[in-house]
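Chemist: Numbering (the numbering used here), first residue to last: 228 to 420.
Built from N, CA and C at the ideal position, the CB exists for glycine as well.
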């Protein structure tokens, strides 16, 4: 819904990560890494031929942050919804990874595709203060409280970050009852770039 509402005023391109949407589902779990996903995003941006605003939800939000952290100056801006920067603590990372594997099974995601959501390091957390890309972070107040807390941390640690709590927004708020509100917040952010 969010993409449909943005499309009349913006060139909107959706990136289907491996194992998601219309993309292939390779059997080899080694194909599903953050670095390969970032390379896929690089390919899409190169095809566009102009600076873009990366907009990502959940895993896509983490990858958008990772892109800004590892490829300074490539994106014009970053917008993330209901996501976090990952974990420094190895125990918390492993807890996240275990939950990701369970959720993959629960939601019918191919197990190898679930590898894309695994946290292997703390590259985003370690580079928050260095990310110069203007960033908007949104979290729905009806989603897990962790996302609101993550948004507040990102706003404190990143030099050009704004956090917005969307009252009553759930995890997929951009696709449901809060789509128009989310789009307006994104439009205002883009207008300020």
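How long is the line joining the alpha carbons of residue 233 and residue 262, rounded to whole angstroms?
Modeler: Reading the chain shown from its first residue, position 6 is the one you call residue 233. Reading the chain shown from its first residue, position 35 is the one you call residue 262. Roughly 28 Å separates the two Cα atoms.
Chemist: Does the structure place the segment 350 to 360 close enough to the segment 278 to 293 that three or more beta carbon pairs sit under 8 Å?
Modeler: Result yes; three or more Cβ-Cβ pairs closer than 8 Å.
Chemist: Three or more beta-carbon pairs under 8 Å between the segment 327 to 345 and the segment 386 to 399, yes or no?
Modeler: No, because fewer than three Cβ pairs between the segment 327 to 345 and the segment 386 to 399 fall closer than 8 Å, the two stretches do not touch.
Chemist: On the criterion of 16 or more Cβ atoms from any shown chain inside 10 Å, does residue 365 qualify as buried, or is it exposed?
Modeler: Looking up residue 365 in the chain shown gives position 138. Classification for residue 365: buried.
Chemist: Would you call residue 287 buried or exposed, if buried means 16 or more other Cβ atoms sit within 10 Å of its Cβ?
Modeler: On the chain shown, residue 287 is found 60 positions in, with the first residue counted as 1. By the 10 Å Cβ count, residue 287 comes out buried.
Chemist: So what does residue 391 bridge to, in DSSP terms?
Modeler: Position 164 of the chain shown, counting from 1, holds the residue named residue 391. Residue 391 is bridged to 365.
Chemist: For residue 407 and residue 231, what's the separation of their Cα atoms in angstroms?
Modeler: The sequence position of residue 407 within the chain shown is 180, counting from 1. The sequence position of residue 231 within the chain shown is 4, counting from 1. About 10 Å.
Chemist: Select from 316, 300, 344, 311 the residue whose C-alpha is nearest the C-alpha of residue 326.
Modeler: Counting from 1 along the chain shown, the entry for residue 326 is found at position 99. Residue 344 is the option with its Cα nearest to residue 326.
Chemist: Which whole runs of the beta strand (DSSP E) in the segment 275 to 313 are 3 residues long or more, in chain order?
Modeler: If we require 3 residues or more, the beta strand (DSSP E) runs fully inside the segment 275 to 313 come out as 280 to 284, 304 to 308.
Chemist: Helix, strand or coil: how does DSSP classify residue 375 here?
Modeler: The count along the chain shown starts at 1 and reaches residue 375 at position 148. Three-state result, residue 375: helix.
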